[in-house]
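Just so you know, the sequence shown maps onto residues 494 to 599 in the numbering used here.
Just so you know, even glycine gets a beta-carbon here, dropped at the ideal spot from N, CA and C.
It should be emphasised that the depicted structure is a prediction, and the values quoted were computed from it without experimental measurement.
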Amino acid sequence: MISLRLTRVGKKKSPLYRLIAVPKEKDPWGKNLEILGTLNPRTKERTLKIDRIKHWLSVGAMPSGTVHNLLVSEGLLEGKKVSVTHLSKKRRGKMEAKTKTEVKTD
494 MISLRLTRVG KKKSPLYRLI AVPKEKDPWG KNLEILGTLN PRTKERTLKI DRIKHWLSVG
554 AMPSGTVHNL LVSEGLLEGK KVSVTHLSKK RRGKMEAKTK TEVKTD
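This is the structure we're talking about:
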């Protein structure tokens, strides 16, 4: 399966990301199938090859969570943005315990 992902190419403390098409099981820092655009989070500059992104989506490529949210905000995908924050079971348990104690004290 092909995945649309971001890979970091900027120098230290100056991030720059590339949007790439790569097989899901391959390393995103290795060889990729195609570079589909760039994203500079500091200046909010985005350069996307919209026609190629649409091609890969039509072929069945699955975007990562962050890329999905980027494509929704650009208007290339329909629907809601997805949550990309992952909490460990340990952290989730601590947060639930904290909310339970807050509810009991109120």
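- Inclusion of Ile528 and Arg501 in the CB contact set at 8 Å is not warranted, their separation being larger than that value.
- Look at Glu518 here: in three-state DSSP terms it is coil, with no helix or strand label.
- Taken atom to atom, the span from the alpha-carbon of Pro521 to that of Ser576 is near 21 Å.
- Of the residues assessed, Leu499 falls on the buried side of the cut-off, its CB having 16 or more other CB atoms within 10 angstroms.
- According to the DSSP assignment, Leu563 belongs to the alpha helix (DSSP H) that extends over 558-567.
- Counted as a single uninterrupted DSSP element, the beta strand (DSSP E) harbouring Leu497 occupies residues 495-501.
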